[in-house]
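> In UniProt numbering, the protein residues as written are 1 to 372. In this text, a Cβ means the ideal position worked out from N, Cα and C, and glycines have one as well. Please read through the structure below; I'll follow up with questions.
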């Protein structure tokens, strides 16, 4: 059966990421993540050649109209809506590097994990100055959950990261790496530890790396990170309307949107157009006009705005906040993809990171439809 005989790929991905999916076999594919930084409560599924992160452990997913059958030994399955089969999906299998442990006895999967199909991801510091108090923390963040549950360690050393990255490339064909971090004390806001980590990884294996942190106070850190081996940089706005930022992410909102825009301009001078990106969570209260307005300004600077649907994560203050409707995402991703393609800022040209992976949003699928 043709993979998408009933729904266009971008529409199906939009709906899956809004509604989530119910699994006949919850153990399908490799283990999913609960809590932690970045995409969580998801499972990766490949649809029409695109690997996407689909919510499976969230409240909306438990009532989703989409049902995924038990996959066969190769990870292939079918997906149905309201009892009608609409396509085929495949689950990436458990990566082989998960079977290994470091020289000091820590499972590789506690150092870094597979995101999507071929992306290695890690949170270098699993603690954050913004997470210490509910009066400061980002209301959607679960960075402390996986640490509290013993699924990761608080600080991954450069040596551990290099060891795991080399194995992930050799055993599983990983193509690029994402390193994010909780924000530590100090004006570098994590840039120092990311540079140190990138330097060690690049000495061990030739792997494109994206680093993610808040804007450091000193612009000189961009050159330091670049020279250490960081290929692309992510500095994430998440929410764009100032009053919403102050309410939803009170600690992080102390770094204002104008400060971010100045940081983006400085970073693009070092990393180049399209190699600096920002994450924007649609569905937290920003209007589609507000999101598209700031995206236009970001694109003009040379920053790739990776707009993803908000996914409520269990155990956070926003766990009951609804995910955005597919039509709302379409109202953003349709115009944004045209803006990006017309400006020459496309996901396929990003060297490493979330925008290149594209699994948390249908944005790159919209881009692909425009460039067929």
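Any contact between the segment 77-89 and the segment 109-127? By contact I mean 3 or more CB pairs, one from each, below 8 Å.
Because the criterion of three Cβ pairs below 8 Å is not met, the segment 77-89 and the segment 109-127 do not touch.
> With a threshold of 8 Å, are at least 3 pairs of Cβ atoms found where one atom belongs to the segment 90-105 and the other to the segment 338-348?
With a cut-off of 8 Å, the segment 338-348 and the segment 90-105 do not count as touching, because too few Cβ pairs lie within range.
> Using a Cβ-Cβ cutoff of less than 8 Å, which residues in the same chain neighbour residue 165 once the five nearest sequence positions on both sides are dropped?
In the chain shown, residue 165 corresponds to position 165, counting from 1. If we look at residue 165 and ignore the five residues flanking it on each side, its Cβ neighbours are 112, 120, 174, 177, 201, 204, 205 and 207.
> Assign residue 224 to one of three DSSP states: helix, strand, or coil.
Residue mapping note: residue 224 aligns to position 224 of the chain shown, counting from 1. The answer is helix: DSSP assigns residue 224 an H, G or I state.
> Less than 8 Å between the CB atoms is what I'm expecting for residue 264 and residue 226, so what's the real figure, rounded?
Taking the first residue of the chain shown as 1, we reach residue 264 at position 264. Taking the first residue of the chain shown as 1, we reach residue 226 at position 226. Their Cβ separation, rounded to whole angstroms, is 15 Å, which puts residue 264 and residue 226 out of contact at 8 Å.
> What runs of the beta strand (DSSP E), each 3 residues or longer, lie entirely inside the segment 261-321?
Segments of the beta strand (DSSP E) lying fully in the segment 261-321: 276-282 and 303-309.
> When the Cα atoms are used, what is the spatial distance from residue 19 to residue 55?
Here the question's residue 19 lines up with position 19 in the chain shown. Here the question's residue 55 lines up with position 55 in the chain shown. The straight-line gap from Cα to Cα measures roughly 8 Å.
> Assuming residue 176 is part of the beta strand (DSSP E), what are its boundary residues?
Taking the chain shown and counting its residues from 1, one reaches residue 176 at position 176. Segment 176-180, the beta strand (DSSP E) holding residue 176.
> Among residues of its own chain, excluding the 5 on either side of residue 365, which ones have a beta-carbon nearer than 7 Å to its beta-carbon?
Your numbering for residue 365 matches position 365 in the chain shown. Contacts found: 9, 10, 13 and 50.
> Compute the distance between the beta-carbons of residue 138 and residue 252, then report whether it is under 8 Å.
Here residue 138 refers to the residue found at position 138 of the chain shown. Here residue 252 refers to the residue found at position 252 of the chain shown. In contact: residue 138 and residue 252 (Cβ atoms closer than 8 Å).
> Where do the ends of the beta strand (DSSP E) carrying residue 44 lie?
Position 44 of the chain shown, counting from 1, holds the residue named residue 44. Where residue 44 is concerned, the enclosing beta strand (DSSP E) stretches over 42-47.
> So, helix, strand or coil for residue 27, using DSSP?
The residue you call residue 27 lines up with position 27 of the chain shown. It is coil, neither helix nor strand.
> Taking the straight line between their C-alpha atoms, what separation do you get for residue 160 and residue 195?
Within the chain shown, numbered from 1, the residue matching residue 160 stands at position 160. Within the chain shown, numbered from 1, the residue matching residue 195 stands at position 195. Spanning the two alpha carbons is a distance of roughly 15 Å.
> Does the pairing of the segment 180-188 with the segment 324-332 give three or more beta-carbon distances under 8 Å?
Flag = no, the segment 180-188 and the segment 324-332 do not touch.
> Going straight from the alpha carbon of residue 371 to that of residue 257, what length do you get?
Numbered from its first residue, the chain shown carries residue 371 at position 371. Numbered from its first residue, the chain shown carries residue 257 at position 257. Spanning the two alpha carbons is a distance of roughly 32 Å.
> In three-state DSSP terms, what is residue 66?
Locating residue 66 in the chain shown gives position 66, where the first residue counts as 1. Strand.
> Which whole runs of the alpha helix (DSSP H) in the segment 152-201 are 4 residues long or more, in chain order?
Counting only runs of 4 or more, we get 158-172.
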